[in-house]
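Q: Please read through the structure below; I'll follow up with questions.
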Amino acid sequence: IPAFNEEEDIADTVRRVCDILYSNHVPFEIVVVDDYSFDNTANLIRVLAEENKHLRCILNDYPKGFGYAVRKGLDVFQGDIVAIVMGDGSDDPSDIVKYYRKIVEGYDCVFGSRFSAGSKVVNYPFCKLLLNRLGNWFIRILFRIRYNDITNAFKCYTREVIDNIRPLRSASFDLTVEMPLKAIIKGYKWCVIPINWYGRKEGASKWKIKELGAQYMAVIFYVWFKKIWGMLSGKRG
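Per the numbering used here: the sequence shown ends with 366, consecutive numbering throughout.
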């Protein structure tokens with residue numbers, strides 16, 4: 130869980146994830162990566178970690194940014210499976226259990242879709258929704274895949290996938306497309322399930338389209354060229 134100034138949401142997010150995983154008998158650890166917060170986020174997590182042996186608070190020692198915070202978490206997680214979960218409580222913790230069960234079935238990656246039959250989306254800003262749909266349509270056409278929510282951060286991977294899609298280059302939210310696209314072009318077995326998404330109750334979104342548009346395009350074409358090069362050279366990815 131990458132977290133930047135999430136003092137209003139992070140404790141509730143962590144507790145909800147813990148409760149769901151405990152009740153479904155899923156073995157777990159939670160790693161919260163504090164991304165240079167200047168509010169009380171890190172202190173809240175430290176207090177919770179003293180009460181819960183499954184929880185760790187890690188300080189991001191890379192440069193500041195969502196992508197770097199996730200990459201720090203990927204450096205230190207200890208299990209065989211990892212799910213990237215947002216700190217603002219927008220992801221449904223019960224979907225983590227669904228991801229876990231799909232990995233146990235034999236998939237290497239499990240991707241959620243907020244825009245398919247069976248999913249539920251609450252309070253998604255219209256402008257962001259429009260940009261999301263256009264961006265995902267472009268990626269689907271470019272990579273010839275049927276997945277319609279590639280920009281969603283909430284995904285699940287085996288450790289093998291994480292090890293083999295490195296090095297990662299994205300510093301911000303563009304990491305959300307770099308990781309799954311690299312896994313796909315490398316030929317890993319993946320599936321998509323419907324998931325739920327709820328608008329944050331407190332605080333402000335860190336996602337800024339004016340700052341991120343060029344970064345998304347750069348990483349999309351970076352991975353696309355890796356795909357083309359792999360096809361020409363006879364190698365995957």
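Even glycine gets a Cβ: it sits at the ideal position worked out from N, Cα and C.
1) Would Asn134 be called buried (16 or more neighbouring beta carbons within 10 Å of its own) or exposed?
2) Does the count of Cβ pairs from the region 183-200 and the region 154-162 closer than 8 Å reach three?
3) If we count the other Cβ atoms within 10 Å of its Cβ and call it buried at 16 or more, is Glu307 buried or exposed?
4) Quick one: residues in its chain with C-beta nearer than 6 Å to the C-beta of Arg288, no 5 flanking neighbours on either side, listed in chain order?
5) Secondary structure at Ser242, three-state DSSP: helix, strand or coil?
6) Could you pull out every unbroken alpha helix (DSSP H) segment of at least 4 residues lying fully inside the region 192-235, listed in chain order?
7) Please classify Thr287: does DSSP put it in a helix, a strand, or coil?
8) Do you know whose CA, among Leu310, Phe354, Ile270 and Phe272, lies nearest Asn281's CA?
9) Strictly by DSSP, which residues pair up with Ile187?
10) Taking the C-alpha atoms as reference points, what is the distance between Gly196 and Ser152?
11) Ser362 to Arg273, Cα distance in whole Å?
12) Would you kindly check if the distance between the Cβ of Asp221 and the Cβ of Ile324 is under 8 Å?
13) How should Ile270 be labelled, buried or exposed, when 16 other C-beta atoms within 10 angstroms of its C-beta is the threshold for buried?
14) Does the distance from the C-beta atom of Ile322 to that of Gly241 stay below 8 Å?
15) Nearest CA to the CA of Met346: which residue from Thr305, Ala212 and Glu180?
16) I need the straight-line Cα distance from Ala312 to Lys201, nearest angstrom please.
17) Ordered along the chain, which non-local residues of its own chain (more than five positions away) have a Cβ less than 6 Å from that of Val162?
18) Is it buried or exposed, Gly235, if we count other Cβ atoms within 10 angstroms and call 16 or more buried?
19) If you draw a straight line from the C-alpha of Asn261 to the C-alpha of Tyr253, how long is it?
20) Can you tell me whether Ile294 is buried or exposed? The criterion is at least 16 other CB atoms within 10 Å of its CB, across all chains shown.
21) Using a threshold of 8 Å, state whether the C-beta atoms of Arg144 and Asp217 are closer than that.
22) Taking 8 Å as the cut-off, decide whether the C-beta atoms of Val348 and Asp303 are in contact.
23) Starting from Lys249, trace the beta strand (DSSP E) both ways and give me its first and last residue.
24) What do you get for Trp358, buried or exposed, if any count of 16 or more other CB atoms within 10 angstroms of its CB means buried?
25) Assuming Ile322 is part of the alpha helix (DSSP H), what are its boundary residues?
A: With the structure as the only source:
1) Within the sequence shown, residue 134 is the residue found at index 5, counting from 1. By the neighbour-count rule (16 or more Cβ atoms within 10 Å), Asn134 is buried.
2) yes
3) The residue you call residue 307 lines up with position 178 of the sequence shown. With 16 or more other Cβ atoms within 10 Å, it is buried.
4) The residue you call residue 288 lines up with position 159 of the sequence shown. The answer, listed in chain order, is Asp209.
5) Indexing the sequence shown from 1 puts residue 242 at position 113. Here Ser242 sits in strand by DSSP.
6) 195-205 and 223-234
7) As a first step, residue 287 is located in the sequence shown; it is residue number 158 there, counting from the start. Three-state DSSP puts Thr287 in a strand.
8) Against the sequence shown, residue 281 aligns to sequence position 152. Comparing Cα positions, the closest option is Leu310.
9) For this step, residue 187 is matched to residue 58 along the sequence shown. Answer is Val162.
10) In the sequence shown, the residue the question calls residue 196 occupies position 67. In the sequence shown, the residue the question calls residue 152 occupies position 23. In this structure, the alpha-carbon of Gly196 lies about 31 Å from that of Ser152.
11) On the sequence shown, position 233 is the one that residue 362 refers to. On the sequence shown, position 144 is the one that residue 273 refers to. If you take the alpha carbons of Ser362 and Arg273, they lie about 19 Å apart.
12) As a first step, residue 324 is located in the sequence shown; it is residue number 195 there, counting from the start. As a first step, residue 221 is located in the sequence shown; it is residue number 92 there, counting from the start. It is a contact, given that the beta carbons lie within the stated cut-off.
13) As a working mapping, residue 270 is identified with position 141 in the sequence shown. The residue is exposed, with fewer than 16 neighbouring Cβ atoms inside 10 Å.
14) Sequence index remark: in the sequence shown, residue 322 carries index 193 (1-based). Sequence index remark: in the sequence shown, residue 241 carries index 112 (1-based). Result yes, Cβ atoms of Ile322 and Gly241 sit closer than 8 Å.
15) In the sequence shown, counting from the first residue as 1, residue 346 sits at position 217. Nearest of Thr305, Ala212 and Glu180 to Met346, Cα basis: Thr305.
16) Within the sequence shown, residue 312 is the residue found at index 183, counting from 1. Within the sequence shown, residue 201 is the residue found at index 72, counting from 1. Their backbone Cα atoms lie some 19 Å apart in a straight line.
17) Residue 162 sits at position 33 when you count from the first residue of the sequence shown. Taken in chain order, the residues that qualify are Pro131, Ile187, Asn189, Ala198, Lys201 and Gly202.
18) Here residue 235 refers to the residue found at position 106 when the sequence shown is read from its first residue. Exposed, by the Cβ-count rule.
19) Sequence index remark: in the sequence shown, residue 261 carries index 132 (1-based). Sequence index remark: in the sequence shown, residue 253 carries index 124 (1-based). Rounded to whole angstroms, Asn261 and Tyr253 show a C-alpha spacing of 10 Å.
20) By 1-based counting over the sequence shown, the position of residue 294 is 165. Per the 10 Å Cβ criterion, buried.
21) Walking along the sequence shown from the start, residue 144 turns up at place 15. Walking along the sequence shown from the start, residue 217 turns up at place 88. Their beta carbons are not under 8 Å apart, which means Arg144 does not touch Asp217 by this criterion.
22) What you label residue 348 is simply residue 219 of the sequence shown in a count that begins at 1. What you label residue 303 is simply residue 174 of the sequence shown in a count that begins at 1. It is a contact, given that the beta carbons lie within the stated cut-off.
23) Taking the first residue of the sequence shown as 1, we reach residue 249 at position 120. Counting along the chain, the beta strand (DSSP E) containing Lys249 begins and ends at Lys249 to Val251.
24) In the sequence shown, residue 358 corresponds to position 229, counting from 1. Burial call: exposed.
25) One-based indexing of the sequence shown puts residue 322 at position 193. Per DSSP, Ile322 lies in no alpha helix (DSSP H) segment; the continuous beta strand (DSSP E) that holds it begins and ends at Trp319 to Pro323.
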